[in-house]
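Residue numbers (this note's numbering), protein chains in the order written: chain A, 96 to 233; chain B, 1040 to 1536.
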Amino acid sequence: MSLDPILRVGTKLILPFILLFALYVQFHGDYGPGGGFQAGVITAGMVVLLAIIFGLKAAQRIAPKGLVERMIPLGVLIYAGTGVAGLIMGQNFLDYSVLAHDPSHGHELGIFLVEAGVLVTVSGTMTALFYAFVERGR
Amino acid sequence: MSAVWPHLPVLQVLIPLFGALLAGLLRRPTPAYVLATAVSWVAPLIAGALLWQVVQTGPISYHIGGWAPPWGIEYRIDVLNALVLVLVTAVGAVIMPFARLSVAFEVGEGREAWFYCMYLLCLTGLLGITVTGDAFNAFVFLEISSLSSYVLIALGHDRRALLSSFQYLIMGTIGATFYVIGIGLLYLVTGTLNMADLAARLGPAWAEHSRAIVAALAFVTVGISLKLGLFPLHVWLPNAYAYAPSWVTAFLAGTATKVAIYLLVRFYFSIFGIAIDLRLLPIADVIIVLSLAAMLIASLVAVFEANLKRLLAYSSVAQIGYITLGIGLANQAALTGALVHVVNHALMKAALFLAAGAIFYRAHTTELKELAGIGRRMPLTIAAFTIAGLGLVGTPGTSGFISKWYLMVGALGAGQWIPAFVIVASSLIALIYVGRVLEIVWMREPSAQMAAVGDPPLSMLLPLVVLSLATIYLGIDTEWTAGIASMASTILLGGLR
């Protein structure tokens, strides 16, 4: 497959747009369908496509295994940390209303951070699953 | 300190969660172990503070995200779940020193950090099920604890661990699915997921939706019974316990099934029992018959088991039968007995499985025929095993006697002669299977390949000794176990229709 120029060039062209679309889905989650989970899967899909066309080594140069495996707990840490931020500022766990001057902005910021955490964990998990399957029997 | 006090219910769950995440980020065995130990030792302090607070001032309610129940998720702690919190965290804290060497030996280099990450995640899930006052939130935590326990079991040294983990995964997923179908039906009928709100709304809904509510009750019962290993839904349990890493078996035997039992009690006595008269349905009879079958059949199977860990696993199925028998009889003495046995059985089974783990660490086998005379080589380990084993039989002076006494009083008080007879019969069978092990390990001549075997290091011996001494202590001083359990069962039975 590495000899097929159409696939190689096509993939190179499409990769940045996949990532862009993932970010669109991530940030559009506030107003319509979308959010961290879907965006995370699309991001991981970009890495999977890269690995299929250019090989595992190329994919792991961009998304090293150690980084991907650390992203799994890191995203949950961002999520739970957002909750604890509310707790430290004198409210209950996961109460976002104190994160900004006015409660509704606080909620917006809280959801934004939580969704960012979801993005990190889901994309990390999906990529790690893919690596685990690909590396079997090597 | 006073600022932390109102947040204790959520910190009970959050601290293990953060521990798990940091262990996953650290990725090195020693820091991960230190972290897991620190978390395991802080958790019982929080649980103890919660229990103290509940006994002093009554139930605590914590609103996640500041959303008031029944709309938001509520963490609600009363005497019953405070007792379970103390039990789960205490088992985790006591057996933690055992983990270092045992896990390094059985799980192996490179996987230890993930192992502790999964353990802490499992602890998070179990504590979450216990603190939450929201039926769906309990499902989420049930899945967290289940998924992490599948991983923990699959890390066993034997390849059969993978198969038994897969078997548990299938059964556990069916159980969780049944549970969530039951919750779905309840939500359909009442429009709420908060447990207290469910209890209030199910009663008025009964006239119109009795069929859906009965179906929900059946789904929830079967779903949770799969997780707690009620006979005949126990088939995953012996393999999972036998092939999991020894330390994991001790942890799960002491906590996971007990938390599932707690959830069943919560549904029967704090939700369904308050809303409808459960005596209209044959649910108690079904539970009692299955419990009696578990007590007799699983004990008999244990008599003929050739592997120590499988023998103990079947004994667990039988002992869970005692607990569910007390739930089915549902009078003051029987329910107290069931709750006391939750605590007592957790502690002695943890001791027995730790002893099996110590034997495996030294002798590299748990096949009974190869353990001849090992008591002379590992006297302290086997002495601890003997004490906990006598507790299992229900010898006077051990904690097992106390719980069986309450159950017996409960059975006779209800005028049920058959359960009372089966309690005695099952204890006699327990005497046979424990006696068989004791005969092999103490009386027989040690074989040549066991010549170099000795007691394990202090870090493994200490948890074992503490747990077996607890078996004796709780057989003499029953203020903590029976006192709090009877307080809890008074509250539970007081709410029933």
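In this text, a Cβ means the ideal position worked out from N, Cα and C, and glycines have one as well. As the structure is a computational prediction, the values presented were derived from the model and not from experiment.
In the region 1157 to 1181 of chain B, which residues sit with their C-beta less than 8 Å from some C-beta in chain A, listed in chain order?
Residues: none.
Along chain B, in chain order, which residues have C-beta atoms closer than 7 Å to that of residue 52(A)?
Here chain A covers residues 96 to 233 and nothing more, so residue 52(A) does not appear.
Rounding to the nearest angstrom, what Cα-Cα distance links residue 1485(B) and residue 1418(B) in this structure?
Taking the straight line joining both Cα atoms gives about 12 Å.
Does residue 165(A) get closer than 7 Å to chain B when you measure Cβ to Cβ?
Output row for residue 165(A): interface = yes.
So residue 1280(B) is in the alpha helix (DSSP H); what residue range does that whole segment cover?
Start and end: 1275 to 1282.
Need the endpoints of the beta strand (DSSP E) that residue 1322(B) sits in, please.
Here residue 1322(B) belongs to no beta strand (DSSP E); instead the alpha helix (DSSP H) covers 1322 to 1332.
Quick one: give me the first and last residue of the alpha helix (DSSP H) that residue 1380(B) is part of.
1371 to 1402 is the extent of the alpha helix (DSSP H) around residue 1380(B).
Would you report the Cα separation of residue 1240(B) and residue 1160(B), rounded to the nearest angstrom?
Roughly 34 Å separates the two Cα atoms.
So, at 7 Å on beta carbons, what are the nonlocal neighbours of residue 208(A) in its own chain, with the 5 sequence-adjacent residues on each side left out?
Hits under 7 Å: 173, 177.
My parser needs the alpha helix (DSSP H) runs of 4 or more residues fully inside the region 106 to 183 of chain A; what are they?
Counting only runs of 4 or more, we get 131 to 149, 151 to 157, 160 to 183.
Helix, strand or coil for residue 1236(B) per DSSP?
Note: residue 1236(B) maps to helix in three-state DSSP.
Give the straight-line distance between the Cα atoms of residue 1144(B) and residue 1246(B), rounded to the nearest whole angstrom.
Their backbone Cα atoms lie some 59 Å apart in a straight line.
So what's residue 1484(B) in DSSP terms, helix, strand or just coil?
Here residue 1484(B) sits in coil by DSSP.
Where does residue 1134(B) fall in DSSP's three states?
Of the three classes helix, strand and coil, the one that applies to residue 1134(B) here is helix, per DSSP.
Starting from residue 1300(B), trace the alpha helix (DSSP H) both ways and give me its first and last residue.
First-last of the alpha helix (DSSP H) with residue 1300(B): 1285 to 1304.
By the 10 Å Cβ neighbour count, where 16 or more other Cβ atoms means buried, how is residue 1230(B) classified, buried or exposed?
Exposed, because fewer than 16 other Cβ atoms sit within 10 Å of the Cβ of residue 1230(B).
Along chain B, in chain order, which residues have C-beta atoms closer than 8 Å to that of residue 128(A)?
Under the 8 Å cutoff, chain B gives no residues; its nearest Cβ is about 23 Å from residue 128(A).
Just list the residues that DSSP pairs residue 1173(B) with in beta bridges.
DSSP lists 1233(B) as partners of residue 1173(B).
Nearest by alpha-carbon distance to residue 1118(B): which of 1534(B), 1536(B), 1535(B), 1526(B) is it?
Answer by Cα proximity: 1526(B).
Reducing DSSP to helix, strand and coil, say where residue 1409(B) ends up.
Helix.
In whole angstroms, what is the alpha-carbon distance linking residue 1442(B) and residue 1105(B)?
Cα to Cα, the separation comes out at about 41 Å.
Closest Cβ-Cβ distance between residue 1102(B) and chain A: below 7 Å?
Closer than 7 Å to some Cβ of chain A, the Cβ of residue 1102(B) qualifies, so yes.
Is residue 1173(B) buried or exposed, if buried means 16 or more other CB atoms sit within 10 Å of its CB?
Buried, by the Cβ-count rule.
Anything in chain A within Cβ reach of residue 1046(B), meaning under 9 Å, just list it in chain order.
Simply 182, 187, 188.
Below 8 Å between beta carbons is the criterion; list the residues of the region 189 to 223 of chain A that meet it against any residue of chain B, in chain order.
Result list: 189, 190, 191, 192.
Let me see if you follow: with CB-CB separation under 7 Å, is residue 100(A) close to chain B or not?
No, because no Cβ of chain B sits closer than 7 Å to the Cβ of residue 100(A).
Can at least three beta-carbon pairs, one atom from the region 1152 to 1171 of chain B and one from the region 1182 to 1199 of chain B, be found at a separation below 8 Å?
A contact exists between the region 1152 to 1171 of chain B and the region 1182 to 1199 of chain B.
Grab me the residues of residue 1253(B)'s own chain with a C-beta within less than 8 Å of its C-beta, minus the 5 sequence neighbours each way, in chain order.
For residue 1253(B), where only same-chain residues beyond five positions count, the Cβ hits under 8 Å are 1320.
Is there a C-beta anywhere in chain B that falls below 7 Å from the one on residue 159(A)?
For residue 159(A), the answer is no, since every Cβ of chain B falls outside 7 Å of its Cβ.
Put residue 1518(B) into one of helix, strand or coil per three-state DSSP.
Reduced to three states, the DSSP call for residue 1518(B) is coil.
Using only the alpha-carbon positions, how far apart do residue 190(A) and residue 203(A) sit?
Going from the Cα of residue 190(A) to the Cα of residue 203(A) covers about 12 Å.
Helix, strand or coil for residue 1113(B)? Go by DSSP, reduced to three states.
In the structure shown, residue 1113(B) sits in a strand (DSSP, three-state: E or B).
Please state whether the Cβ-Cβ distance between residue 1285(B) and residue 1399(B) is less than 7 Å.
For residue 1285(B) and residue 1399(B), yes; Cβs fall inside 7 Å.
Strictly by DSSP, which residues pair up with residue 1462(B)?
DSSP output for residue 1462(B) lists no bridge partner at all.
Determine the chain A residues that contact residue 1063(B) at a beta-carbon separation under 7 Å, and present them in chain order.
The answer, in chain order, is 167, 168.
Only counting the same chain, and skipping five residues up and downstream in sequence, which positions put a Cβ closer than 7 Å to that of residue 1287(B)?
Same-chain partners within the cutoff: 1191, 1192.
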